[in-house]
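Numbering (the working numbering), first residue to last: 170 to 533.
We put the beta carbon where it would ideally sit given N, CA and C, even for glycine.
Single-structure report; data block below.
What follows is the structure in structure tokens.
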């Protein structure tokens, strides 16, 4: 009877953690952005108000999609891929594409902006799960997985020319992860992974700004006012936090020393204010969400549900890992939001909706 009840109600702790993280994100965004928002917009709550809208819409999406049987999502695989491709292409249409800091990654409709690459990640995960569930006998050969490779590479091309190296890495790693979990053999997987490994240095060499970022990563103090500035300020924030932190709302780096303190580098502000202990607890909760996703995938009795839950969990885990590695200076700097925490409604709403899908898999 206990197992039936657990199945009926689904993974409630997952939903609680996701909603709690989204609320915690609003607190950290207020702390990280209040000064900058006050100076730029004459409203210290500017970014928080936008994020709260995202929390409301994201919660509604998470709850709403949790009632939709996940198996029905199979029918949405092709429409979602088409929508994702169209949205990624619209980024380059003059008047629609929004450019910030030399990158065109958003579509603007009036006062609303959408980042299509956030949608593309989950559209690809859904497509790959549906394809491998239907054609599981083809996963042993390269030709058998070509449709998944084709869609993934198409997404990567459209995203890298925005340019957006970080999301391209996410989609690439997601692609490899789902292919591996689909049950392909090591020979086929090796044939696929070698070109990906070769492509990384090629992509870095092709763009001068990526070479500059790589140089700044190797020795940020060689250009402390240019490419190395952001990483240095991030390390200052983390170092200033120590073990217990300076206390909530007591960051000094948020006073316009650290760029993108409320978005891509919000983890550095968290480290400064909450210290090593606070970050340890935060990553423990992240780990719990990932663990619940793994358990949901493991317990799913059908191939589609297993791959869908695995893919959505991979997206979350990859983003958390890359963001943490960038902020700590472990890998070269690249712009990537911290899921559920960073300022940005597209990422927040889509991530919460994906967690609703995970919950539905656990329930069914």
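Cβ-Cβ distance between residue 258 and residue 292 below 8 Å: The residue you call residue 258 lines up with position 89 of the chain shown. The residue you call residue 292 lines up with position 123 of the chain shown. Going by C-beta atoms, residue 258 is not nearer than 8 Å to residue 292.
Which of helix, strand or coil DSSP assigns to residue 250: Taking the chain shown and counting its residues from 1, one reaches residue 250 at position 81. Helix.
Closer than 8 Å to chain B by CB, residue 453: Given the protein chain composition of this structure (a single chain), no chain B is represented.
Local Cβ density within 10 Å of residue 306, reported as buried at 16 or more and exposed below that: In the chain shown, the residue the question calls residue 306 occupies position 137. When all chains shown are included, residue 306 counts as exposed.
Residue from 431, 432, 429 and 409 with nearest C-alpha to residue 421: Taking the chain shown and counting its residues from 1, the one referred to as residue 421 is at position 252. For the residues 431, 432, 429 and 409, the minimum Cα distance to residue 421 belongs to 409.
Residue 438 to residue 340 span [Cα, whole Å]: For the purposes of this step, residue 438 is identified with residue 269 of the chain shown, where counting begins at 1. For the purposes of this step, residue 340 is identified with residue 171 of the chain shown, where counting begins at 1. Spanning the two alpha carbons is a distance of roughly 27 Å.
Inter-residue spacing [alpha-carbon to alpha-carbon] between residue 209 and residue 240: Position 40 of the chain shown, counted from the start, is the residue given in the question as residue 209. Position 71 of the chain shown, counted from the start, is the residue given in the question as residue 240. Each residue's Cα considered, the two are about 46 Å apart.
CB of residue 276 within 8 Å of CB of residue 282, strictly: Working through the chain shown from its first residue, we reach residue 276 at position 107. Working through the chain shown from its first residue, we reach residue 282 at position 113. The answer is yes: Cβ separation under 8 Å.
4 or more residues per run - each alpha helix (DSSP H) lying fully within the stretch 210 to 267: 215 to 235 and 246 to 259
Residue 411 and residue 443 closer than 8 Å at C-beta: Residue 411 sits at position 242 when you count from the first residue of the chain shown. Residue 443 sits at position 274 when you count from the first residue of the chain shown. Not in contact: residue 411 and residue 443 (Cβ atoms no closer than 8 Å).
Given residue 238 as reference, the closest of 227, 261, 213 and 179 once Cα atoms are compared: Residue mapping note: residue 238 aligns to position 69 of the chain shown, counting from 1. Measuring from the Cα of residue 238, the nearest candidate turns out to be 179.
Nearest residue (CA-CA) to residue 527, options 226, 242 and 336: Counting from 1 along the chain shown, the entry for residue 527 is found at position 358. Measuring from the Cα of residue 527, the nearest candidate turns out to be 242.
Residue 461 classed as buried or exposed, judged by whether at least 16 other C-beta atoms fall within 10 angstroms: Translated into positions along the chain shown, residue 461 becomes position 292. Buried: at least 16 other Cβ atoms inside 10 Å.
Three-state secondary structure (DSSP) of residue 503: Within the chain shown, residue 503 is the residue found at index 334, counting from 1. Here residue 503 sits in coil by DSSP.
Where residue 433 falls, given that 16 or more other Cβ within 10 Å makes a residue buried: The residue labelled residue 433 in the question sits at position 264 within the chain shown. Label assigned to residue 433: buried.
Inter-residue Cα distance where the pair is residue 512 and residue 191: On the chain shown, position 343 is the one that residue 512 refers to. On the chain shown, position 22 is the one that residue 191 refers to. Going by the C-alpha atoms only, they are around 10 Å apart.
Straight-line Cα distance separating residue 532 from residue 173: The sequence position of residue 173 within the chain shown is 4, counting from 1. The sequence position of residue 532 within the chain shown is 363, counting from 1. Any reading at residue 173 is ruled out, since the residue's pLDDT is 49, under 50, leaving its predicted position unreliable.
Beta strand (DSSP E) segment containing residue 273, residue limits: For the purposes of this step, residue 273 is identified with residue 104 of the chain shown, where counting begins at 1. Start and end: 272 to 278.
Contiguous alpha helix (DSSP H) assignments of at least 4 residues, all confined to the stretch 357 to 441: 377 to 387 and 398 to 410
Cα-Cα separation between residue 396 and residue 428, rounded to whole angstroms: On the chain shown, residue 396 is found 227 positions in, with the first residue counted as 1. On the chain shown, residue 428 is found 259 positions in, with the first residue counted as 1. Taking the straight line from one Cα to the other gives about 12 Å.
Residue environment, residue 218, which counts as buried when at least 16 other CB atoms sit within 10 Å: Stepping through the chain shown from its first residue, residue 218 is reached at position 49. Exposed, by the Cβ-count rule.
CB contact flag (residue 440, residue 406, <8 Å): Mapped onto the chain shown, residue 440 falls at position 271. Mapped onto the chain shown, residue 406 falls at position 237. Yes, the pair counts as a contact, with Cβ atoms nearer than the cut-off.
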